[in-house]
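Worksheet: one structure, shown below.
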Amino acid sequence: MSGGDLADRRDADAIVDVRDLTIGYGGSILLRDASFDVRRGEIFAILGRSGSGKSTLLRHLVGLERPIAGTIAVLGVAPIAPRDGPPPYGVTFQSGALLGSMTVGENVALPLERWTALGHDLVDVLVRAKLRVVGLAASATKMPSELSGGMTTRAAIARAMALEPPLVFLDEPTAGLDPVTALELDELLLALNRTLGLTVVLVTHELRSIYRIATRCLMIDRSTRSVIAVGDPRVLREASSDARVRAFLGRPEPERGSS
Numbered sequence: 018m019s020g021g022d023l024a025d026r027r028d029a030d031a032i033v034d035v036r037d038l039t040i041g042y043g044g045s046i047l048l049r050d051a052s053f054d055v056r057r058g059e060i061f062a063i064l065g066r067s068g069s070g071k072s073t074l075l076r077h078l079v080g081l082e083r084p085i086a087g088t089i090a091v092l093g094v095a096p097i098a099p100r101d102g103p104p105p106y107g108v109t110f111q112s113g114a115l116l117g118s119m120t121v122g123e124n125v126a127l128p129l130e131r132w133t134a135l136g137h138d139l140v141d142v143l144v145r146a147k148l149r150v151v152g153l154a155a156s157a158t159k160m161p162s163e164l165s166g167g168m169t170t171r172a173a174i175a176r177a178m179a180l181e182p183p184l185v186f187l188d189e190p191t192a193g194l195d196p197v198t199a200l201e202l203d204e205l206l207l208a209l210n211r212t213l214g215l216t217v218v219l220v221t222h223e224l225r226s227i228y229r230i231a232t233r234c235l236m237i238d239r240s241t242r243s244v245i246a247v248g249d250p251r252v253l254r255e256a257s258s259d260a261r262v263r264a265f266l267g268r269p270e271p272e273r274g275s276s
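Read in order, the letters of the sequence shown correspond to residues 18 to 276 in the working numbering.
Here you go:
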């Protein structure tokens, strides 16, 4: 593990601040003593092999799980689970997690109806505006079962943005999507980031997406249960001194005996 790979430091513009975090389940540690920042306005990817604890880390960041040790601050406060109040950030889970018994529009309206006193007409206007932003202007009355995988993810992003948060968390947003649909979703996230200043934290293992959209990334190593790199994925791929980082990010190792 090189100092350059872990050269992250407390940033005055951090929107997420994680210090000395240890997480796990039932006495089993998944990640130990992790510290990192997510800076306002960036797209930050959480990387690692299957079983390394990426999605578990995300669940801790959004307040669905409590850490064994350490602290998490999101927008300056501890994460707020949805059951405890309106969190100041949006979340999308794997496969979108839309409620199948409600229309797309009703799914997007849920946060507005739960956490605001807005009237039905204004909620409807806001819902249609959010769906238009993600390219689903004609889908408000459709059921989730009528949507493709990419459309489901877009609808979930619209719901996550319903309360206009400055930050959204996404768990494997391009999983299972064909390359063209995944590219379109990447372009949507870039557009939201650039036009709205939206900060995005996403769990992913899709290298194409990482290089297309990620400002920085964090990599978890399953064997050591630790963060082994934080930084620009393009720089880490070329310059990391850690073979695990280079291997994951797709830089081939030199053959033995080569110069």
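Think of the CB as a built atom: it goes at the ideal place given N, C-alpha and C, for glycine as much as any other residue.
Which same chain residues end up closer than 8 Å to residue i when comparing Cβ atoms and leaving out the 5 residues on each side of it in sequence?
i	result
leucine 129	Leu135, Val140, Leu143, Val144, Ala179, Leu180
leucine 4	Here the chain covers residues 18 to 276 and nothing more, so residue 4 does not appear.
proline 183	Ile32, Arg57, Leu92, Pro105, Tyr106, Gly214, Leu215, Thr216
In whole angstroms, what separates the C-alpha of residue i from that of residue j?
i	j	result
serine 275	arginine 49	In this predicted model, serine 275 has a pLDDT of only 44, less than 50, meaning its place in the structure is not dependable; the value taken from the coordinates is given anyway. Each residue's alpha carbon lies about 37 Å from the other.
proline 84	leucine 78	9 Å
isoleucine 40	leucine 116	29 Å
alanine 98	leucine 81	5 Å
leucine 153	serine 69	34 Å
threonine 212	alanine 175	15 Å
serine 226	glutamate 204	10 Å
alanine 155	alanine 172	12 Å
arginine 111	leucine 194	A quick correction: the sequence has glutamine, not arginine, at residue 111. Cα to Cα, glutamine 111 sits roughly 12 Å from leucine 194.
Figure out for me which residue from the options has the closest Cα to the Cα of residue i.
i	options	result
threonine 109	Leu164, Val185, Gly166, Ala95	Val185
arginine 36	Glu201, Gly58, Gly68, Gly87	Gly87
aspartate 30	Leu92, Leu207, Thr241	Leu92
arginine 231	Ile237, Val220, Ser240, Thr241	Here residue 231 turns out to be alanine, not arginine, going by the sequence shown. Per the Cα distances, Val220.
aspartate 34	Tyr42, Leu47, Ala51, Ile46	Ala51
valine 252	Thr191, Val125, Glu201, Cys234	Cys234
Please go through the same chain and pick out, in chain order, the residues whose beta-carbon is closer than 6 Å to the beta-carbon of residue i, but skip the five residues on each side of it.
i	result
arginine 263	Ser257
Determine the DSSP secondary structure at residue i, reduced to helix, strand or coil.
i	result
threonine 232	coil
glycine 214	coil
arginine 239	coil
arginine 36	strand
threonine 133	coil
valine 151	coil
alanine 246	strand
isoleucine 85	coil
Could you check where the beta strand (DSSP E) with residue i kicks off and where it finishes?
i	result
alanine 62	60-65
threonine 109	107-109
arginine 49	45-56
Which residue comes first and which comes last in the alpha helix (DSSP H) that contains residue i?
i	result
arginine 76	71-78
isoleucine 174	166-177
Compute the minimum distance between the beta carbon of residue i and the heavy atoms of the ligand MG, and state whether it is under 6 Å.
i	result
alanine 175	The ligand MG is absent from the structure shown, which contains no ligands of any kind.
What residues in its chain sit with their C-beta under 7 Å from that of residue i, if we drop five residues either side in the sequence?
i	result
alanine 95	Ile89
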